[in-house]
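Accompanying notes for the structure given below.
Protein chains: 2
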Amino acid sequence: MAVPNDAQYPPELSPEEEQYLLTNVKDWSIAHGLAVRPAPTFVSQERDPSGVLATTAPVTLFPSIFPRSCFEQGLAIQKAYNELYSAIARDEEWIKGIVEELAPIDDFVEKLWNVHLEVKKEGYVQDLSLGLFRSDYMVHANTDSDKTSLGIRQVEFNTIASSFGGLSSKVSSMHRHLLAINAYPSSSSSIITENALRQSKATSSLAKGLAAAHSAYGPSRNKHPLCVLFVVQDPERNVFDQRHLEYAVLEESGVRSFRLPFHRILSDSKVDSDRNLLYTPPSLPSMTFEVTTIYFRAGYSPDDHPRPEDWDARRHLERSRAIKCPSILTQLAGCKKVQQVLATPHSPHLKRFLLDESVASHVLETFAPIYSLDESKAGREAQKLARHPDSAARYVLKPQREGGGNNIYRKAIPDFLEKTPQKNWPAYILMEMIEPPPLRNAILRNGEVQKGGVIGELGVYGVCLWRNGSGETSKGEILENWEAGYLLRTKGDQSEEGGVAAGFGAVDSCCLVDS
Amino acid sequence: MAVPNDAQYPPELSPEEEQYLLTNVKDWSIAHGLAVRPAPTFVSQERDPSGVLATTAPVTLFPSIFPRSCFEQGLAIQKAYNELYSAIARDEEWIKGIVEELAPIDDFVEKLWNVHLEVKKEGYVQDLSLGLFRSDYMVHANTDSDKTSLGIRQVEFNTIASSFGGLSSKVSSMHRHLLAINAYPSSSSSIITENALRQSKATSSLAKGLAAAHSAYGPSRNKHPLCVLFVVQDPERNVFDQRHLEYAVLEESGVRSFRLPFHRILSDSKVDSDRNLLYTPPSLPSMTFEVTTIYFRAGYSPDDHPRPEDWDARRHLERSRAIKCPSILTQLAGCKKVQQVLATPHSPHLKRFLLDESVASHVLETFAPIYSLDESKAGREAQKLARHPDSAARYVLKPQREGGGNNIYRKAIPDFLEKTPQKNWPAYILMEMIEPPPLRNAILRNGEVQKGGVIGELGVYGVCLWRNGSGETSKGEILENWEAGYLLRTKGDQSEEGGVAAGFGAVDSCCLVDS
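Printed below as a string of structure tokens:
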């Protein structure tokens with residue numbers, strides 16, 4: 018890649034340089050809330066029963082090298098992606114087709130769909146939907162032609178609970194600070210420059226998205242004070258990431274918000290006869306807020322719905338007049354199956370949603386080929402590839418469900434399929450591995466520094482607010498659409514998972530180089 | 018005091034209210050760096066060998082009630098105090114008299130003085146001095162006349178390492194945030210109002226003081242890059258308080274600073290033949306910075322000077338051309354003995370330093386009567402008071418040395434004096450106890466909430482930059498003089514010490530009420 022040939026990156030540090038860098042990372046991070054609650058393996062609950070300890074979020078000590086053209090490509094395409102997923106979310110008929118394929122093998126998808134159907138039967142009362150999206154990419158060295166060219170390839174598209182917007186803004190600020198205080202040695206001074214570092218604006222930009230929905234909701238018909246609800250997991254180790262959004266939406270837009278643990282939805286909120294969602298904070302039993310916008314930072318996995326009443330809770334929110342971020346249809350649009358259908362070579366679907374051919378072709382360039390493992394002709398071809406270790410080595414097998422953590426990589430795929438009943442294979446997609454250029458960095462996690470080869474994943478945030486349109490007559494319209502900053506998530510190249518909160522990765526920022 | 022008669026303050030909280038308040042305090046504090054490294058009794062070094070854990074600084078859950086007139090009195094008098102202590106620091110002859118009294122019983126003072134004498138012999142090369150002061154007060158209910166009136170009485174005046182400026186700005190922001198999110202119940206809504214809360218500007222204002230000195234130093238004659246040095250203890254649990262100043266001086270004024278542990282002064286810096294202080298960071302061995310300003314956050318107690326070479330280090334800094342914050346004379350001006358001499362009834366000293374009678378009388382109003390325990394007539398009177406439990410009950414016995422933690426209170430005084438050789442009595446001063454009105458609050462420390470009676474101590478910061486003037490012909494002049502924000506430090510009324518870092522108090526902000 019574009020690191021000057023004779024430069025080692027990141028540079029080797031003397032013990033004194035490393036100590037200076039580390040001390041500054043440890044102090045700056047806590048002074049600015051680039052933090053997480055410690056993992057139970059690091060600090061047990063008995064040691065800190067009231068949960069007042071915090072530690073530096075897993076971070077890279079250096080900003081990772083990232084090709085400038087790829088970075089710009091990712092940011093430039095985000096508005097098209099917002100448009101694409103908003104269009105998918107508005108196409109219930111099309112989503113129905115996807116769901117019908119998945120329902121037999123994924124009861125989480127089926128249950129979500131059923132909630133949608135019930136609410137549809139009663140009639141939706143809120144025509145607006147908000148998406149705070151994040152499209153994740155890796156740099157891919159394309160060796161199809163004689164000359165290797167670099168481009169981005171999409172890993173996944175998140176339509177619910179897109180995280181790390183709060184911390185991403187902080188980590189890019191931190192890397193800039195470290196540059197300003199000479200914590201990066203002079204041997205890297207031609208690479209790490211002010212111009213090369215990119216500040217993420219995600220916190221403020223995502224908060225503006227919430228504020229835009231809040232404002233579009235309009236006034237309360239019953240003169241209630243208005244609020245945004247963050248529906249969250251409880252406990253939440255990554256709470257500061259979310260808090261930075263809460264603080265920004267209050268300080269920059271004057272919008273009140275509350276955190277509502279998923280399991281308390283039914284006890285703390287009610288839907289009135291006009292289907293306004295009314296929230297009474299347990300701490301303010303005499304006050305009733307009308308909820309303009311529900312921002313889901315939970316609800317993306319079956320784990321958030323262990324009890325039947327958790328599905329009642331989901332229905333309760335969906336049928337309310339609050340703007341959902343995301344609605345169930347928007348959440349379903351984020352199924353990996355959708356990504357697969359769009360990215361299957363020669364698929365007709367993309368042009369259904371993106372009418373402008375030039376826009377569609379730019380989006381298409383960011384797809385990695387994805388195959389279903391169904392009984393179609395292409396599916397059977399894919400099965401063949403997946404069952405043989407040599408060919409499987411270029412692929413990753415991913416469950417259709419959200420969340421990460423269960424991917425099967427390369428040569429492990431054939432064995433895995435062997436042990437999985439063939440009727441369940443369509444629950445997975447087969448995706449061509451993205452082959453990122455080799456990189457190195459150092460990650461601070463739980464006080465330990467790990468150095469070595471890393472893989473970076475660029476997440477680009479997008480805000481989209483749209484009107485769904487009433488049924489047959491209208492396909493709706495987009496009211497707001499913007500690119501909303503970025504996240505670089507970096508993991509050791511040993512691990513093939515990228516969830517920082519799950520303990521495998523670190524938040525990072527981009528050090529752009531010309532490729 | 019001025020809490021409306023029928024209001025209980027702070028208000029009682031329901032369990033839900035308390036949980037909401039506490040959760041928000043815990044999260045906001047970490048998200049904004051209102052933090053300390055945990056005490057070893059809370060997290061042992063073995064549990065966190067690399068020191069990455071942090072916790073909420075000890076804070077009050079509510080802003081403490083403080084009489085508006087007393088608050089305004091404290092802020093208004095600060096410029097006069099800056100002028101007073103700057104004048105004392107410029108009066109070497111007068112300080113010499115103080116030192117001569119103390120030297121036989123306080124070898125720390127003696128050693129400081131000797132450093133000054135050695136440098137004086139060689140000749141000082143820097144005529145500018147910087148003070149980042151903090152004057153500490155308690156509210157005193159004056160019952161001399163029929164009507165009880167409230168005023169402030171000075172506890173001490175700090176001329177070195179005045180701490181908590183960084184955290185005080187944060188805690189006042191936090192209390193404002195808690196008000197904005199309805200974390201204070203409606204029963205307190207007539208007391209805790211936006212208008213009643215006072216934002217401390219200490220971080221920014223103290224940082225501007227450092228920047229003013231940095232700028233007044235002028236350019237490097239040898240074209241070295243310039244920096245400010247924070248001379249610190251290592252390790253330092255209260256590091257974020259200091260870091261906030263470092264970040265502010267960099268971000269708001271573009272001034273570079275480095276942290277230099279006291280024990281590394283001689284290894285990492287040198288004084289050149291022009292007596293410029295040159296600092297080579299261990300992490301940047303090829304770079305040499307010229308130090309414009311030395312900001313001491315260490316060096317105020319014998320504990321920082323355990324080895325003979327620590328005194329060499331102090332001399333090394335004092336003889337350099339860097340502006341000292343504080344110089345040794347300024348540090349000596351902060352002796353409790355000075356406070357005592359000024360505050361001894363009918364003392365002639367105050368008017369020596371404050372020529373404007375009206376200014377001097379306002380300062381005088383803030384003094385609590387203080388007596389020496391020497392063999393003068395007044396001293397013998399004071400000894401008599403101190404040796405009898407009934408009369409001693411109105412007094413506190415304080416060592417002349419800086420730092421707190423060794424005060425003897427009220428009825429414990431006679432026993433203590435009994436055990437102390439009489440020749441050592443002059444090492445202490447006897448001060449009339451300040452009798453603050455009873456208050457209540459709740460303090461969060463190490464995850465535990467303690468509720469009960471509290472005592473608040475208002476600290477007012479001051480910045481003063483002055484020219485000492487050359488010897489006989491000039492008394493120097495003040496170049497910059499401003500009040501620089503405030504700190505409220507609140508401790509349980511059980512403990513009679515006020516050092517938050519020592520584990521006895523909490524940072525707080527003022528909720529003003531009309532008295």
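The listed protein sequences derive, respectively, from chains A and B. Anchor point for the first sequence: position 376 equals 393 in the working numbering, and the numbering is continuous, going up by one each time. Anchor point for the second sequence: position 200 equals 217 in the working numbering, and the numbering is continuous, going up by one each time. For every residue, glycine included, the Cβ atom is placed at its ideal position computed from N, Cα and C. Please read all numbers here as calculations on a predicted model, not as lab measurements.
Round the Cβ separation of residue i and residue j to the nearest angstrom and send it over; I've been treating them as touching at under 8 Å.
i, j, result
"ARG457(B)", "VAL471(B)", "6 Å"
"LEU223(B)", "HIS192(B)", "Not confirmed; about 20 Å, so no contact."
"SER67(B)", "GLY464(A)", "4 Å"
"VAL355(B)", "ILE115(B)", "6 Å"
"LYS428(A)", "ALA409(A)", "6 Å"
"ILE451(B)", "VAL172(B)", "7 Å"
"VAL245(A)", "THR309(A)", "6 Å"
"ILE311(A)", "LYS287(A)", "Wrong, their Cβ atoms sit about 14 Å apart, outside the cutoff."
As a quick exercise: from the options, pick the residue whose alpha carbon is nearest that of residue i.
i, options, result
"ALA48(A)", "TYR264(B), ARG369(B), HIS280(B)", "TYR264(B)"
"TYR317(B)", "SER389(B), SER179(B), PRO202(B)", "SER179(B)"
"ARG281(A)", "SER232(A), PRO299(A), ARG292(A), LEU267(A)", "PRO299(A)"
"SER329(B)", "GLN439(B), PHE279(B), PHE433(B)", "Sequence inspection shows Asp at residue 329(B); the Ser mentioned does not correspond to that position. Ranking the options by Cα distance to ASP329(B), first place goes to PHE279(B)."
"GLY476(A)", "TYR412(A), LEU447(A), TYR312(A), ALA219(A)", "ALA219(A)"
"LYS128(B)", "LEU349(B), ILE495(B), THR309(B)", "LEU349(B)"
"ARG107(B)", "SER344(B), SER152(B), ASP153(B)", "SER344(B)"
"LEU38(A)", "ILE198(A), ASN441(A), ASP285(A)", "ILE198(A)"
"VAL76(B)", "VAL69(B), LEU70(B), VAL42(B), SER61(B)", "VAL42(B)"
"ASP391(B)", "SER408(B), PHE88(B), ILE446(B)", "ILE446(B)"
"GLY351(B)", "LYS508(B), VAL69(B), PHE174(B)", "PHE174(B)"
"LEU496(A)", "ASP163(A), GLY91(A), ALA229(A), MET448(A)", "ALA229(A)"
"GLN533(A)", "ALA200(A), ARG276(A), GLU269(A), SER270(A)", "No answer is possible for residue 533(A): the residues shown for chain A start at 18 and end at 532."
"ARG6(B)", "ASN423(B), GLU435(B), GLU382(B)", "Since the first residue shown for chain B is 18 and the last is 532, residue 6(B) is missing from the structure and cannot be characterised."
Using a beta-carbon distance below 8 Å, is residue i in contact with chain A?
i, result
"TYR296(B)", "no"
"VAL248(B)", "no"
"PHE257(B)", "yes"
"ALA459(B)", "no"
"ASP510(B)", "no"
"ALA403(B)", "no"
"LYS43(B)", "yes"
"GLU269(B)", "no"
"ASP285(B)", "no"
"PRO57(B)", "no"
"LEU301(B)", "yes"
"ALA518(B)", "The predicted model places ALA518(B) with a pLDDT of 38, which falls under 50 and marks its position as unreliable, so this point remains unresolved."
"THR73(B)", "yes"
"TYR26(B)", "no"
Compare the C-beta of residue i against all C-beta atoms of chain B and say whether one is closer than 8 Å.
i, result
"VAL116(A)", "no"
"GLU29(A)", "no"
"TYR264(A)", "yes"
"VAL69(A)", "yes"
"TYR37(A)", "yes"
"ALA19(A)", "Unreliable placement is indicated for ALA19(A), whose pLDDT of 49 sits below 50; no coordinate value is reported for it."
"LEU529(A)", "no"
"ASN22(A)", "In this predicted model, ASN22(A) has a pLDDT of only 46, less than 50, meaning its place in the structure is not dependable; the value taken from the coordinates is given anyway. Answer no: the Cβ-Cβ gap between ASN22(A) and chain B never drops below 8 Å."
"ASP525(A)", "no"
"GLY502(A)", "no"
For residue i, go through chain C and note every residue whose CB falls closer than 7 Å to its CB, in chain order.
i, result
"ARG260(A)", "The structure shown has no chain C; the protein chains it does contain are A and B."
Nearer than 7 Å: is that true of the beta carbon of residue i relative to any heavy atom of the ligand ATP?
i, result
"SER284(B)", "Absence of the ligand ATP is noted for the structure shown, with no ligands found whatsoever."
| Do the segment 493-504 of chain A and the segment 249-256 of chain A touch if we need at least three Cβ pairs shorter than 8 Å? | no
| So, do the segment 146-165 of chain B and the segment 478-489 of chain B have three or more beta carbon pairs nearer to each other than 8 Å? | yes
| Does the segment 46-61 of chain B come close enough to the segment 34-50 of chain A to have 3 or more Cβ pairs within less than 8 Å? | yes
| field | Unbroken stretches of the beta strand (DSSP E), 3 residues or longer, contained in the segment 133-182 of chain A | value | 145-159, 166-175
| message | Report the start-end ranges of each alpha helix (DSSP H) in the segment 355-427 of chain B that is 4 residues or longer and not cut off at the edges. | response | 367-370, 374-381, 394-404, 406-409
| field | Ordered list of beta strand (DSSP E) runs contained in the segment 237-281 of chain B, each at least 3 residues | value | 243-249, 274-278
| task | Quick one: which unbroken alpha helix (DSSP H) runs of 4-plus residues sit fully inside the segment 89-123 of chain A? Chain order, please. | result | 109-119
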